[in-house]
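Each residue of the sequence shown is one higher than the one before, starting from 1 at the first, in full-length UniProt numbering.
All C-beta atoms in this analysis are idealised placements derived from N, C-alpha and C, irrespective of residue type, glycine included.
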Amino acid sequence: MQAVFDGHNDVLLRLWQHARGGADPVAEFSEGTDKGHIDAARAKAGGLAGGLCAIYVPSGDLVLKTPDENGHYATPMAAPLDHLPSLATAMELADIAFKLDRAGAWRLCRSVEEIRAAMADEVFAAVLHMEGCEAIGPDLAALETFHAAGLRSLGPVWSRHNVFGHGVPFAYPMSPDTGPGLTEAGFELVRACNRLGILIDLAHITEKGFWDVAKTTDQPLVASHSNVHALTPVARNLTDRQLDAIRESRGLVGLNYATTMLRPDGQENAATQLSDMVRHVAYLVERMGIDCVALGSDFDGATIPEEIADAAGNQKLVAALEDAGYGDAELAKICRENWLRVLGQAWHEPA
């Protein structure tokens, strides 16, 4: 079994939503559930040894648009969020992460050494990520506090606009060049993350925002859960030019398991074949090289192929990649080593 360090999941959002209805998030994760994609038992069964766990403040007004007769859709952008309510929600999500850590249900990690130690101990290695930075605020006053609490990765925007920049909509077919890039506050955020050692994630940002980050950051370029626009032309996927820039920076792309980002028709349909996932990996490897390809499942945040179903099915993708000709050393890079290399570089750790 290949141990997997995964670049993106929304398990904290699911636990927070259920906790608001009275559920115990620690029990749900540690004792198991039939809901969602990740708990401790299913993660262990599927070799999911850890990952970047998102603090994501949801947009209550977002409803995915139904495709038209041609299969096309363009969901209107979610409305911007206010800072203080976003901060309050982010703190509640972070509190769940800390409760899981204190209970031993998972281990919050702040370095690659800590990730490897947790994996060796067979404890889920969780790294805090923030998806959309409405909770940070334009003065960046909360950034140092979140970093001290363990935040080690962030995406300036989700698929909505905020004071830091502009996100891409959920749309097919559409280019990722959908609007402006970073604001002045966004440039300051990138520079602050470079100084602190917080990874910048480009998964939801416009193409102009991508290039704004690329010219500002001193880190490898990373899209934690994105796929190939040439194969599935949704706005969330990456163009060949973007892939080339990621390769040149020795960054990575984490394969997103969302069916809308895998299928040639861009549809939300769980009856999606593993061959679609392998096809995207093969394109990424050919375009960027084996050192720049990883996994970013979007577990608990998307409709994924029914053959995988949840974290317990993760090794089915590994087996499909093995059947496609990837050897053990290549699979180790895709499954975890590329992520650990890039995180170490972004976090200012010695090579």
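I96 by DSSP, collapsed to three states: which one? Note: I96 maps to helix in three-state DSSP.
With DSSP collapsed to three states, give me the class of F164. F164 falls in the coil class under three-state DSSP.
Let me know the secondary structure DSSP gives I115 once reduced to three states. helix
Assuming R152 is part of the beta strand (DSSP E), what are its boundary residues? L151 to G155
What separation, rounded to the nearest whole angstrom, lies between the Cα atoms of D291 and E268? 30 Å
Figure out for me which residue from R160, G7 and L151 has the closest Cα to the Cα of A235. R160
Measuring alpha carbon to alpha carbon, tell me which residue in K215, S175, G179 and T206 is nearest N194. Selection K215, S175, G179 and T206 evaluated against N194 yields K215 as nearest (Cα-Cα).
Less than 8 Å between the CB atoms is what I'm expecting for L317 and L331, so what's the real figure, rounded? Contact doesn't hold; Cβ gap of about 10 Å is too wide.
Count the other C-beta atoms from every protein chain shown that fall within 10 angstroms of the C-beta of T232, then say buried if there are 16 or more, exposed otherwise. buried
Quick one: is R102 buried, meaning 16 or more other Cβ sit within 10 Å of its Cβ, or exposed? Exposed: under 16 other Cβ atoms inside 10 Å.
Could you tell me the distance, in whole angstroms, from the CA atom of T178 to the CA atom of G344? One C-alpha to the other measures close to 32 Å.
Please report the straight-line C-alpha distance between V278 and A324, rounded to a whole angstrom. 8 Å
How is the beta strand (DSSP E) around I246 delimited, first residue to last? Counting along the chain, I246 falls outside any beta strand (DSSP E), though it belongs to the alpha helix (DSSP H) covering D240 to S249.
Where does R110 sit, in a helix, a strand or coil, going by DSSP? Of the three classes helix, strand and coil, the one that applies to R110 here is coil, per DSSP.
Just grab the DSSP bridge partners of I55 for me. As computed with DSSP, I55 is found in a beta bridge with M130.
Using a 10 Å radius around the Cβ and a threshold of 16 neighbouring Cβ atoms, would you call E144 buried or exposed? Looking at its Cβ environment, which holds fewer than 16 other Cβ atoms inside 10 Å, E144 is exposed.
Would you list the residues sitting across from N237 in a DSSP beta bridge? N237 pairs with nothing; no bridge assigned.
Spatial distance of D244 from E337 (CA atoms): Approximately 20 Å, taken between the alpha carbons.
Classify F5 as buried or exposed, calling it buried when 16 or more other Cβ atoms lie within 10 Å of its own Cβ. By the neighbour-count rule (16 or more Cβ atoms within 10 Å), F5 is buried.
Determine which residues share a DSSP beta bridge with Y172 and list them. Y73
Per-residue DSSP class, three states only, for A78: strand
Length of the line joining the Cα atoms of K65 and A74: 6 Å
Spell out a yes or no on whether the region 48-62 and the region 10-18 are touching, meaning 3 or more CB-CB pairs, one atom from each, closer than 8 Å. yes
T239 versus V63 - alpha carbon distance: So the two alpha carbons sit approximately 26 Å from each other.
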